[in-house]
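Asks: Taking our numbering as reference, the numbering of the first sequence is continuous, increasing by one, and the terminal residue is 537.
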Amino acid sequence: MPELPEVEVTRLGLVDHVTGARIQALHLGKPLRWPLGVSVDRLRGQLIRHIRRRGKYLLLDLDEGLLLIHLGMSGHLRFDRALPPPGPHDHMDLHTDRGVLRLHDPRRFGAVVFAESESDPQARKLLGRLGVEPLTQAFDPAEFHRALKARRAPIKQVLLAGDVVVGVGNIYAAEALFRAGIRPTMKAHRLSAQRTGRLHEAIQAVLARALAVGGSTLRDFANTNGGSGYFQLETMVYGRAGEPCRVCQTPIKLLRQGQRSTFFCPTCQKF
DNA sequence: AAAAGCCCCTGGATGC
DNA sequence: TGCATCCAGGGGCTTT
267 MPELPEVEVT RLGLVDHVTG ARIQALHLGK PLRWPLGVSV DRLRGQLIRH
317 IRRRGKYLLL DLDEGLLLIH LGMSGHLRFD RALPPPGPHD HMDLHTDRGV
367 LRLHDPRRFG AVVFAESESD PQARKLLGRL GVEPLTQAFD PAEFHRALKA
417 RRAPIKQVLL AGDVVVGVGN IYAAEALFRA GIRPTMKAHR LSAQRTGRLH
467 EAIQAVLARA LAVGGSTLRD FANTNGGSGY FQLETMVYGR AGEPCRVCQT
517 PIKLLRQGQR STFFCPTCQK F
């Protein structure tokens, strides 16, 4: 599933292609999560000035306005000089003078949305409640601890909610909690400053490692060249229910939290 | 205000 | 072999 590392891998794969490209046309397939919110005429002729990432959103800054792209659960983007005709799961082709940016998304949880600016209500709705970027200086252990103090929900669900820290989805939340030795069911507000510090370090380390190996490819994710990531080969707990812990050999446990599966080692993550 | 549950979607795995 | 059922899950929305 595209989480921060996968979205960042995508951004890095696109930046040299789309920066400075001029939009010629936009073709849409089946409906995505939300309507585009602008006429194609409005986009035609605009220059793509930058491509940024905020949480799991990609932001294409245009001359006027921006396009917000979310990969949902099964989306991936690729860019090429020319591409074959769109298949049944190709739901957006953004044609530019340099090539085509294509969104492939079988489950259609993804979205491409236009906003006039980041303060546009449409953009605020999607970006406004997002927490801090975990791979920046702004992600501070003391502030993290303060934010968690206000939350009584299980730490795993607080991480997934994305309003404290962004980009951590189901895979990396499970992996970071393992690395920090924290059980996913632990109430967020009960974590000490020291354990919060370990979690802070673990989130950064896990995301940075995943980014370094091209993200995780489970089912649908592919980078912009159609290639896969490799982090899934080294998960400590995610997807390993019943298998021995790589550290202590205890069988990895599976439980459900908020309709999502959670994996942990009952020995390495005692409380 | 926070938390919990719902729901969107479809391919692949599983069960009878 | 074929069909029904379940599951994966990001995250905005609604309800508690």
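The beta-carbon is built from N, C-alpha and C at its ideal position, and this holds for glycine as well.
Every value quoted in this text rests on a predicted model; they were computed, and no experiment measured them.
(1) Quick check: what's the CA-CA separation for R320 versus L334?
(2) Can you give the beta carbon distance from K322 to H342, rounded, assuming they're within the 8 Å contact cut?
(3) Are at least three pairs of beta-carbons, each pair with one atom in the region 452 to 463 and one in the region 415 to 422, less than 8 Å apart?
(4) For the beta strand (DSSP E) that K519 lies in, which residues bound it at each end?
(5) Between G447 and R464, is the Cβ-Cβ spacing less than 8 Å?
(6) Tell me where the alpha helix (DSSP H) around T362 begins and ends.
(7) Do V284 and I314 come within 8 Å of each other at the CB atom, strictly closer than that value?
(8) Could you give the C-beta distance for V366 and D356, rounded to a whole number, given that I count them as a contact under 8 Å?
(9) Taking the alpha-carbon positions, what's the L521 to E467 distance?
(10) According to DSSP, which residues form a beta bridge with I314?
(11) Let me know the secondary structure DSSP gives A348 once reduced to three states.
(12) Between which residues of its own chain and R318 is the CB-CB distance below 6 Å, once the five residues before and five after are set aside?
(13) On a Cα-Cα basis, can you pick out the residue from L280, R277, V378 that is closest to P297?
(14) If you draw a straight line from the C-alpha of A419 to the C-alpha of G311, how long is it?
(15) Which residue marks the beginning of the beta strand (DSSP E) containing T528, and which one marks its end?
(16) Between P400 and V432, which are expected to be in contact by the criterion C-beta below 8 Å, what is the C-beta distance as a whole number of angstroms?
(17) Report the start-end ranges of each beta strand (DSSP E) in the region 431 to 490 that is 3 residues or longer and not cut off at the edges.
(18) Can you tell which of Y504, G505, C531, A476 has the C-alpha that lies nearest to the C-alpha of P271?
(19) As a quick exercise: from Q470, G495, L332, pick the residue whose alpha carbon is nearest that of E382.
(20) Among Q403, F380, T402, which residue has its Cα nearest to the Cα of L393?
(21) Is it right to say R395 is buried, meaning 16 or more other beta carbons lie within 10 angstroms of its own, or is it exposed?
(22) For a quick check, are the C-beta atoms of I421 and Y504 less than 8 Å apart?
Replies: Looking at the coordinates:
(1) 10 Å
(2) So it is not a contact: roughly 13 Å between Cβ atoms.
(3) With a cut-off of 8 Å, the region 415 to 422 and the region 452 to 463 count as touching, because enough Cβ pairs lie within range.
(4) 519 to 523
(5) Going by C-beta atoms, G447 is nearer than 8 Å to R464.
(6) Where T362 is concerned, there is no enclosing alpha helix (DSSP H), although the beta strand (DSSP E) it sits in stretches over 356 to 362.
(7) Yes. Within cutoff.
(8) Their Cβ separation, rounded to whole angstroms, is 10 Å, which puts V366 and D356 out of contact at 8 Å.
(9) 25 Å
(10) Beta-bridge annotation (DSSP): I314 is paired with L328.
(11) coil
(12) L325
(13) V378
(14) 48 Å
(15) 526 to 530
(16) Yes, they are in contact, since the Cβ atoms of P400 and V432 sit about 7 Å apart, within 8 Å.
(17) none
(18) A476
(19) L332
(20) F380
(21) Exposed, because fewer than 16 other Cβ atoms sit within 10 Å of the Cβ of R395.
(22) no
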